[in-house]
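Q:
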Amino acid sequence: MGDWQTPGALKYAETDEWFAVQDDVVTIGITDYAQDQLNDIVYVEFRDAGDALDAGDSFGEVESVKAASELYSAVAGEILEVNAALEDAPETVNADPFGEGWMVKIKTSDLSPLAGLMDAAAYDAYCDSR
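Using my numbering, you'd call the opening residue of the sequence shown number -8 and step up by one each time.
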């Protein structure tokens, strides 16, 4: 296993987003593994609060000194909130990807797509296999 952190209470996508659920709100960010692979994050851009998303839609992008990556939601719903603080301090994603580096919050009426995502152990194994 690598040096990255993988909190157990979250769900993980192969596209390296994490998903935390509280009632009908899903908070999404990128994993510690992803920020480590991207290296120094220099820019983030999100769709607007109030925008509707289908499962699999991009809600924004993250750019680093190495690459740019689209960000995807596993659930359909409405963007309730975006982490606007990241616009001025995108490096927060590197420093605290599971805390202050969260990206968007989505209100959803269907949490079922999250059941198909990886738990922490499966995500660690997936990262180790790459």
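Think of the CB as a built atom: it goes at the ideal place given N, C-alpha and C, for glycine as much as any other residue.
Mapping DSSP to helix, strand and coil, what is A0?
A: DSSP places A0 in coil when its eight states are reduced to three.
Q: Using three-state DSSP, classify V33 as helix, strand or coil.
A: Three-state result, V33: strand.
Q: In whole angstroms, what separates the C-alpha of I32 from that of I21?
A: Cα to Cα, I32 sits roughly 11 Å from I21.
Q: What separation, rounded to the nearest whole angstrom, lies between the Cα atoms of E61 and D42?
A: Each residue's Cα considered, the two are about 17 Å apart.
Q: Helix, strand or coil: how does DSSP classify G107 here?
A: DSSP places G107 in helix when its eight states are reduced to three.
Q: What would DSSP say about A112, mapped onto helix, strand or coil?
A: A112: helix per DSSP, three-state reduction.
Q: Taking all protein chains shown into account, decide if A58 is buried (16 or more other Cβ within 10 angstroms of its Cβ) or exposed.
A: Looking at its Cβ environment, which holds fewer than 16 other Cβ atoms inside 10 Å, A58 is exposed.
Q: Check whether the Cβ atoms of E69 and K96 sit closer than 7 Å, and answer yes or no.
A: Against a cut-off of 7 Å, the Cβ pair of K96 and E69 comes out as no contact.
Q: Is DSSP giving E5 helix, strand or coil here?
A: Of the three classes helix, strand and coil, the one that applies to E5 here is coil, per DSSP.
Q: In three-state terms, what does DSSP make of D119?
A: It is helical.
Q: Can you check the region 31 to 109 for any alpha helix (DSSP H) of at least 4 residues that lies completely inside it and give the ranges in chain order?
A: Runs of the alpha helix (DSSP H) inside the region 31 to 109: 76 to 79, 83 to 86.
Q: Tell me whether G(-7) sits in a helix, a strand or coil according to DSSP, three-state version.
A: Caution is warranted here: a pLDDT of 46 is assigned to G(-7), below 50, making its placement in the model unreliable, and no coordinate value can be reported.
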